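First up is the structure itself, then whatever we jot down about it.
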Amino acid sequence: KASKQHATLTGYHLPAPPLAMSAAGVAEWVARKEARAESPLAAARALRAAAREHRQAGAASAVSASSSAVAVCDGVEIARSGRAVVVSRRVWFPPEDCALECFEDSAKRWR
């Protein structure tokens with residue numbers, strides 16, 4: 011009580027406690043996210059097709075057999091790239107260098 015009275019006397023107003031989101035609010039948020047969610051695989055496939063067209067047009071391939079990073083899952087090669095990077099101890103492959111047929115869309119795309 012004393013700290014609340016002191017805050018009022020000094021002109022400082024305590025922030026209101028956060029409001030919990032109602033079930034209707036959550037449903038509206040989910041519907042809004044679903045309407046705006048795009049498939050990352052569709053974007054990766056378009057990027058891969060553009061990269062393939064670029065290589066066919068005469069550009070040199072950036073992937074060499076000696077410097078390629080390879081990702082394998084259950085014995086299946088899912089990515090190979092000479093342009094893979096390590097960030098925060100994780101290896102990231104460019105989407106156009108992944109075997110996209112090994113991936114499927116997730117129903118939940120926002121986090």
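Letter by letter, the sequence shown follows residues 11 to 121 of the working numbering.
Glycine included, every Cβ here is placed at the ideal spot set by N, Cα and C.
All figures in this text were calculated on a predicted structure; none of them were measured in a lab.
Which partner residues does residue i have in the DSSP bridge list?
i	result
Arg100	Val97
Glu48	DSSP lists no partner for Glu48.
Arg65	Answer is none; Arg65 lacks a bridge partner.
Glu87	Val82
Cys108	Ala89
Is it buried or exposed for residue i, if we count other Cβ within 10 angstroms and need 16 for buried?
i	result
Ser32	exposed
Pro105	buried
Ser49	exposed
Ser98	exposed
Asp107	buried
Ala117	exposed
Ala89	buried
Apart from the five residues just before and just after residue i, which ones in its own chain have a Cβ nearer than 8 Å to its Cβ?
i	result
Val101	Ala79, Ala81, Ala94, Val95
Ala109	Val86, Glu87, Ile88, Ala89
Might you give, ordered along the chain, the residues of its own chain that have their beta carbon closer than 7 Å to the beta carbon of residue i, omitting 5 neighbours on each side?
i	result
Asp115	Ser49, Leu51
Val86	Cys112
Among residues of its own chain, excluding the 5 on either side of residue i, which ones have a beta-carbon nearer than 6 Å to its beta-carbon?
i	result
Ala61	Glu106
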